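Everything in the sequence shown is counted per this note's numbering, starting at 436 for the first residue and increasing by one. Think of the CB as a built atom: it goes at the ideal place given N, C-alpha and C, for glycine as much as any other residue. Values in this document were obtained by computation on a predicted structure and should not be read as measured data. Structure first, commentary second.
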Amino acid sequence: MAFKERVFSGVQPTGNLHLGNYLGAISKFVPLQEKYDCIYCVVDMHAITVWQDPAELTKTTREVTAAFIACGLDPDKNIIFNQSQVAEHAELAWVFNCVARIGWLNRMTQFKEKTGKDRENASVGLYVYPSLMAADILLYRATHVPVGEDQKQHVELSRDIAQKFNNDFAPSIQSRGYGDAFFPLPEPLIQGQATRVMSLRDGSKKMSKSDPSDYSRINLTDDADAIAQKIRKAKTDPEPLPGEEKGLEPRPEADNLVGIYAALQGISRAEVLKEFGGAQFSTFKSALVDLAVAKLGPIGAEMKKLVQDPVYIDKVLANGSERAQAIAADTMKAVKDIVGFIRH
Ligand code: AQP
436 MAFKERVFSG VQPTGNLHLG NYLGAISKFV PLQEKYDCIY CVVDMHAITV WQDPAELTKT
496 TREVTAAFIA CGLDPDKNII FNQSQVAEHA ELAWVFNCVA RIGWLNRMTQ FKEKTGKDRE
556 NASVGLYVYP SLMAADILLY RATHVPVGED QKQHVELSRD IAQKFNNDFA PSIQSRGYGD
616 AFFPLPEPLI QGQATRVMSL RDGSKKMSKS DPSDYSRINL TDDADAIAQK IRKAKTDPEP
676 LPGEEKGLEP RPEADNLVGI YAALQGISRA EVLKEFGGAQ FSTFKSALVD LAVAKLGPIG
736 AEMKKLVQDP VYIDKVLANG SERAQAIAAD TMKAVKDIVG FIRH
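And the structure:
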């Protein structure tokens, strides 16, 4: 069966949005709105898989919404909403908890990384996070999922869940006229020069909201001084930049900064090195500061303006939730019929 092409992606309201979230995900959402039906979700239910202060959660939910709009997403063209307003996410996640296998979840590297040696103390929600993510995507029968590299494994698990649901319930799906498959197998869209932006302090660690060092990341709301300071202090090595991409391979910090420059400028790493090959980091970092301030400054300023108007932000979320819920309700009705739940 051919599925209508539709894009879904989510961002957790768990703290300061950073350059990794922007380059790996949100900046990729923007051009997609011209070509697809897009649904962009502030995934507040995912956020509470680790402790969130309630007042802070409300604030960061509005901030992520503001970031979507400030980066160029049109709330009329796209559906923008927060996950917890559409109860079907939790309902479908339960069905998927019963479809997914424990062995599949045990392989999820993000759970292992986030819990480390303290696994016994992690929430059950963090463990089944990928089932909820599959529900987020498949509730809208989305076909494309723009994400950073770190989320690839979870999108692949969503495909496995969709496939197993389609197989397990095949006779019921067919008898209801849905053809061979009720759910599409969603494709991760992982594109560009910065699909995995690394920490500015350690080129082997992902740039992350939860890193205790603010110098490890550039926040979307950082002002020009903060951006400049963080880039100037970013870890590098003593060698000048290489002339070719191959020369970046053993140099993770250099590779990261060149990748960030390339992504912000919309060019390839090779083109960056054509211009800066042989240059010292002091020269390259100055150019990167100028570029980052020029690209991120207006976004940060717009975000700060938008969060001053929570009434507007909440209206966007309410409107988006209503539109999302209409699609989600249809899917959930069909899922209940397919599974054999009685509906009145
Ligand atoms: N460093 C990154 N480089 C590229 N893409 C990234 N993303 C996150 N970090 C990077 C992408 O941003 C989207 C939203 O991420 P999220 O907030 O839902 O979850 P996350 O991946 O857990 O983000 P963080 O910053 O690492 O948060 P914490 O520290 O709370 O775990 C996703 O598409 C993600 O791939």
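Alpha carbon to alpha carbon, what distance is there between residue j and residue i?
i, j, result
"P606", "K587", "30 Å"
"A629", "R611", "44 Å"
"E680", "L458", "20 Å"
"A705", "G712", "9 Å"
"R667", "D595", "44 Å"
"L467", "R441", "10 Å"
"V580", "Y475", "10 Å"
"L561", "T718", "43 Å"
"Q626", "H779", "45 Å"
"F716", "T671", "8 Å"
"T780", "D488", "It is not possible to answer for residue 780, since the shown part of the chain is limited to 436 through 779."
"D649", "D772", "49 Å"
"K463", "V563", "27 Å"
"N754", "I662", "35 Å"
"F604", "S721", "58 Å"
"L731", "V465", "15 Å"
Name, in chain order, the residues that DSSP records as bridge partners for residue i.
i, result
"L624", "P581"
"Y475", "S444, I515"
"M633", "K641"
"N654", "H453"
Would you identify the three-state DSSP class for residue i, choosing helix, strand or coil?
i, result
"D744", "coil"
"K463", "helix"
"N451", "coil"
"Q702", "Residue identity differs from the one stated: residue 702 is Ile in this sequence, not Gln. Reduced to three states, the DSSP call for I702 is coil."
"S648", "coil"
"E469", "coil"
"D749", "helix"
"K506", "Going by the sequence as given, residue 506 is Cys instead of Lys. If DSSP states are grouped into helix, strand and coil, C506 belongs with coil."
"H779", "coil"
"M543", "coil"
"W529", "helix"
"T484", "coil"
"D615", "coil"
"V693", "helix"
"S558", "coil"
"V707", "helix"
"A437", "coil"
"K665", "helix"
"K494", "helix"
Give the C-beta separation of residue i and residue j to the nearest angstrom, bearing in mind that I take them to be a contact with Cβ-Cβ under 8 Å.
i, j, result
"A460", "V446", "6 Å"
"P780", "R497", "Residue coverage of the chain in this structure runs from 436 to 779, which leaves residue 780 outside it and unanswerable."
"F438", "R576", "6 Å"
"Y453", "R652", "The displayed chain sequence assigns His, not Tyr, to residue 453. Correct: roughly 4 Å between the Cβ atoms."
"L635", "A669", "4 Å"
"L741", "Q520", "So it is not a contact: roughly 19 Å between Cβ atoms."
"P621", "S593", "6 Å"
Closest to residue i by C-alpha separation, out of the options, would be which residue?
i, options, result
"R686", "A525, R536, G638, I702", "G638"
"L699", "L683, V724, A763, K709", "V724"
"Q518", "T500, A689, G678", "T500"
"D390", "V632, K439, C473, P510", "Because residue 390 is not part of the residues shown, which for the chain are 436 to 779, the question remains open."
"E757", "K494, Y471, E523", "E523"
"K665", "V707, S645, L692", "L692"
"A616", "A597, S634, A759", "A597"
"V632", "F531, D658, D690, M738", "D690"
"D585", "M738, K547, D603", "K547"
"P623", "K640, F600, M568, G614", "M568"
"K470", "Q760, N513, P673, V530", "N513"
"E782", "N451, I572, D603, E555", "Beyond the ends of the chain as shown, which are 436 and 779, falls residue 782; an answer cannot be given."
"E688", "I702, H589, M738, P673", "P673"
"A729", "K739, Y696, Q743, S703", "Y696"
Does the distance between the C-beta of residue i and the nearest non-hydrogen atom of the ligand FMN fall short of 7 Å?
i, result
"H453", "Among the ligands in the structure shown, the ligand FMN does not appear; only the ligand AQP can be found there."
For chain B, is any of its Cβ atoms less than 8 Å away from the one on residue i?
i, result
"K730", "This model lacks chain B altogether; it includes just one protein chain."
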